[in-house]
Amino acid sequence: MQTKVKTERFIWIDVMVTLLTLWLMDFFYYGIRAVVLGGVCIAVSVTAELISLRLMGRKFTADDLTCVSDALIITLMLPAVFDMKAAAIACVFAVAAAKNIFGGRLNMIFSPAAAAYVFLYTSWKNQLLMFPEPHVRTGVFEKAANLVSSASHSFNITGRMSATDFELLLGNVSGPAGAVSILLLAVAAVVLLLRRSISAGAFIGSISATVLLALIVPASVTRADSVKYTLCCNMVLFASVYITADRRIAPKRWYFAFFYGFFVAMFSYILVITTAKENAIVLVSLLFTPVALGFRNLEKRIELTEREEQAEAERLAAEADADGEEALPDEE
Amino acid sequence: MFLVTELVTLLATNLILTQALGTSTLFIAAGNRKNLLWTAITITVFTSVGSGAAYTVNRLLPNGLADLTLLFYTLIVGAIYVLFLAVLYYTDFASFATARKYVHISAFNCAVMGTLFTITERAEAYPELNTFVRFVLSGAEAGTGFILAAFILTAAYRKLNSAKVPASFRGFPAMLVYLGLISMAVYALR
Amino acid sequence: MKNKKTAVFDGLLGDNTVLSALMVISPVIMCGSTLMNAVALMYAFSAITFFSVLIGSFVPKRLPYAAKIIIRAVIASIVYIPVRTVAREFFPDVITRVGIYFPLLAVNSLIVVQSETKFARMKRGTMIASLVFYILGFDAVMAVTAFVRELLAYGTINGRLVDADTLISGLGLPFGGFIFLGLLCGLYRKVRSVIRRENSETGGDGNVSGN
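Residue numbers (this note's numbering), protein chains in the order written: chain A, 21 to 352; chain B, 821 to 1010; chain C, 10 to 220.
This is the structure in structure tokens:
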């Protein structure tokens, strides 16, 4: 039990370290406004967690700091100049309605960050999908001006990318603050995979499906461009790491997790090329929650059956030993 | 790709997720997997057959008597209800006592009546849908949507009724919020 | 032991139609987003349910269950006609907005199921009183839901603008109804359990238990 708690804490620390580096990149491109937005989200999430745990009659422990990582994930999916009140409401929604109503971190059903994003998508869609240009600083209390559509939106509509590969890698394109720094995200993915802090099956399934479909049904002029830009756009890499491969949600067995990640990515890719829906992978991740739950139920049944079979085998072995011991004195 | 778009359409027109029809029936039936499956199948039969009969009523009822639509739909559902029970009684008497409860729950509820009205409304808006075959298919589609919603709920049923859920929210309140979040995701896909 | 007299009020608080029995939730979720819609539905539900259950109470009890259900549903469908005619006079726009949820009130569980399982077993006087409170239970939830959702989603109260800073448009949509009703249901259960615990501690008559 203690090992499990320790593991959970180390996972959280790993995820936080990677998120903090992305947040730093966010600050580099968008200035203090991005930091304040993140700070507001974290403060509101922690407060909401404290209050809801108190109402549930539970104490706030170090493990409940997962609300901080969820808050950072939400921040990194938003435009840096997003309305702070709306972001705060989304964080309260994530903690209270998407997590603690169902029992909190002990009984996770939905990814809180995904739920918050979809909540913002349905209530503040126009604000959510307009972004400042990189290196445009907006004051903390200033109203943002000259907002543009994301690079993903342009790619979804035209099948072409105006940014260079170098700009894509460094995140020097308009889009969700933390989801466009591809190089950092790739490094984060490798680190988290090696440290087993995310579900490898779900991540690999998600990326495999995206690559496979990008090759079979290209979204761009050439197949190479299709694979490259599909992976870099629409928060595919970000969501594959922090939402689809979230160990709290993804199935435990690697083959179930693989299929879960595969179906999420496949469904979202098809939505992107048929309806040009931006960031579809986050929407589909929330929708496929019952699929993840179904796989988990199946895993539980398999474990139960294996335990019963093992107990039965042990019982038979014990009986066989007992029979053998009874036979020996007769032989003598 | 066709399957994905069809699935999105099925979700987007789902009775429960987008119109909240039949939610109470779903919750009542959700307690037991077998109950849920048979209730969902029974509702599908009611919606399919009822839709076909509703088409006939719509054709025969004069425009000035539109207020009588509900009465005639009620009579249709009542007739199907009695017919269903009679068929069960005479074909499989042994399981009649257990099977009839599914028919009782499935007959007069918002899912069935709502389907008849929704299909009629759609047929008025899009005349190409105003054929007998389209009515029956739409009814079957509505029933299939109910089955899909039933599966979505079953997947999370154990977790929604877990002891870890706060007592005030355990069961129905958590189910409502759960369906709400799924409905939110479906809405975002439209 | 539960007081028989206070059991009449159950439909409003102790066993609320919507929050406890989870009946008639479709109109609350789909149409409970503005007060105007809510008032029209409250009128329709109250009128249809009251007269349908009252007339349905004269249906012979010896008839088979299925026959009674069908007769009650037919009675409700007939009562619906004059109710709709009146609604057309007083709420013409709302009828169009509410759409199919207006006629669906006629097949609500209170009329079709609860009449048989609950009201049929009561004396007529008690039945009428209990029915009134069950109807009031629905009306109260509808009013509260519509008020809060309209205020937070559209920044209006009964169509009049108020000074609302941030609007959550999702709350006016069906999924917002689901989530809001779920939260309200949980809150209701919490309050009810606290009241019941206090009542049982005081012995139900104000005395400290054990004295």
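Here a beta-carbon is modelled for each residue, glycine too, at the ideal position from N, C-alpha and C.
Can you tell me whether residue i is buried or exposed, with buried defined as 16 or more other CB within 10 angstroms of its CB?
| i | result |
| --- | --- |
| F258 of chain A | buried |
| T211 of chain C | exposed |
| M136 of chain C | buried |
| M93 of chain A | The residue you asked about is not Met; residue 93 of chain A is Ile in the sequence shown. That one is buried. |
| Q330 of chain A | exposed |
| P132 of chain A | buried |
| P101 of chain C | exposed |
| T894 of chain B | buried |
| Y946 of chain B | exposed |
| A96 of chain C | buried |
| G58 of chain A | buried |
| M39 of chain C | buried |
| N299 of chain A | buried |
| S353 of chain A | Since the first residue shown for chain A is 21 and the last is 352, residue 353 of chain A is missing from the structure and cannot be characterised. |
| A840 of chain B | buried |
| K297 of chain A | buried |
| A342 of chain A | exposed |
| G219 of chain C | For G219 of chain C, the pLDDT reaches just 38, beneath the cut-off of 50, and the residue's location in the model is therefore unreliable, leaving the point undetermined. |
Going along chain A in order, which residues have a C-beta closer than 7 Å to the C-beta of residue i?
| i | result |
| --- | --- |
| I177 of chain C | I109 and S143 |
| I188 of chain C | A117 |
| T825 of chain B | T294 |
| A1005 of chain B | V138, L303, L306 and L307 |
What is the DSSP secondary structure of residue i, reduced to helix, strand or coil?
| i | result |
| --- | --- |
| L170 of chain C | strand |
| F147 of chain C | helix |
| V261 of chain A | helix |
| T833 of chain B | coil |
| T165 of chain C | strand |
| V200 of chain A | coil |
| V193 of chain A | coil |
| V168 of chain A | strand |
| F315 of chain A | helix |
| I90 of chain C | helix |
| F822 of chain B | helix |
| F151 of chain A | strand |
| G219 of chain C | Low confidence applies here, because G219 of chain C scores a pLDDT of 38, under 50, leaving its location unreliable and the question unanswered by this model. |
| T411 of chain A | The question about residue 411 of chain A has no answer, for chain A in this structure spans 21 to 352. |
| T211 of chain C | coil |
| S66 of chain C | coil |
List the residues of chain C whose Cβ lies closer than 7 Å to the Cβ of residue i, in chain order.
| i | result |
| --- | --- |
| A969 of chain B | Those within 7 Å of A969 of chain B in chain C number zero; the least Cβ separation is about 12 Å. |
| Y901 of chain B | A75 and I79 |
| F847 of chain B | L31 |
| F928 of chain B | I78, A82, V116 and V121 |
Suppose the cutoff is 6 Å on Cβ atoms and the five residues either side in sequence are ignored; what does the same chain contact list for residue i look like?
| i | result |
| --- | --- |
| A115 of chain C | I57, A85, S86 and Y89 |
| A960 of chain B | S868 |
Name the chain C residues whose beta carbon is nearer than 8 Å to that of residue i?
| i | result |
| --- | --- |
| P993 of chain B | G191, L192, C194, G195 and R198 |
| E941 of chain B | G108 and I109 |
| L905 of chain B | A75 |
Mind listing the chain B neighbours of residue i? Cutoff is C-beta to C-beta under 7 Å, in chain order.
| i | result |
| --- | --- |
| G314 of chain A | A975 |
| L126 of chain A | K984 |
| A135 of chain A | L1001 |
| F287 of chain A | V824 |
Within a Cβ cutoff of 7 Å, which residues of the same chain sit near residue i, ignoring the five residues on either side of it in sequence?
| i | result |
| --- | --- |
| W858 of chain B | Y922 |
| Y909 of chain B | F916 |
| E187 of chain A | V193 |
| N167 of chain C | L44 and M45 |
| G195 of chain A | F151, S170, A171 and S172 |
Under 8 Å between beta-carbons, which chain B residues line up against residue i? List them in chain order, please.
| i | result |
| --- | --- |
| I121 of chain A | V985, P986, F989, P993, A994 and V997 |
Name the chain C residues whose beta carbon is nearer than 9 Å to that of residue i?
| i | result |
| --- | --- |
| K105 of chain A | D174 and T175 |
Tell me whether residue i counts as near the ligand HEM, meaning its Cβ is closer than 6 Å to at least one heavy atom of that ligand.
| i | result |
| --- | --- |
| V932 of chain B | As for the ligand HEM, it is missing from this structure, which has no ligand bound. |
Taking 8 Å as the limit between beta carbons, can you name the residues of its chain near residue i, skipping five residues before and five after?
| i | result |
| --- | --- |
| L1009 of chain B | V828, L831 and A832 |
Segment contact flag, the segment 208 to 224 of chain A with the segment 274 to 281 of chain A, C-beta cutoff 8 Å, min 3 pairs: Pairwise C-beta distances place the segment 208 to 224 of chain A in contact with the segment 274 to 281 of chain A, as three or more of them are shorter than 8 Å.
Given 8 Å, three or more beta-carbon pairs between the segment 146 to 161 of chain C and the segment 14 to 33 of chain C: yes
Three-pair Cβ contact test at 8 Å for the segment 43 to 60 of chain A versus the segment 148 to 156 of chain A: yes
Contact between the segment 55 to 73 of chain C and the segment 151 to 167 of chain C (3+ Cβ pairs under 8 Å): No contact exists between the segment 55 to 73 of chain C and the segment 151 to 167 of chain C.
Inter-stretch contact at 8 Å, needing at least 3 Cβ pairs: the segment 102 to 115 of chain C / the segment 39 to 52 of chain C: yes
The segment 287 to 295 of chain A / the segment 198 to 212 of chain A touching (three or more Cβ pairs under 8 Å): no
Segment contact, 8 Å Cβ cut-off, at least three pairs: the segment 975 to 991 of chain B with the segment 888 to 904 of chain B: no
Three-pair Cβ contact test at 8 Å for the segment 235 to 253 of chain A versus the segment 67 to 76 of chain A: These segments do not touch.
The segment 167 to 185 of chain A contacting the segment 201 to 209 of chain C, beta-carbon criterion three pairs below 8 Å: no
Stretch pair the segment 957 to 977 of chain B + the segment 102 to 110 of chain A: three plus CB contacts closer than 8 Å: Result no; under three Cβ-Cβ pairs closer than 8 Å.
At least three beta-carbon pairs within less than 8 Å, the segment 983 to 994 of chain B to the segment 170 to 182 of chain C: no
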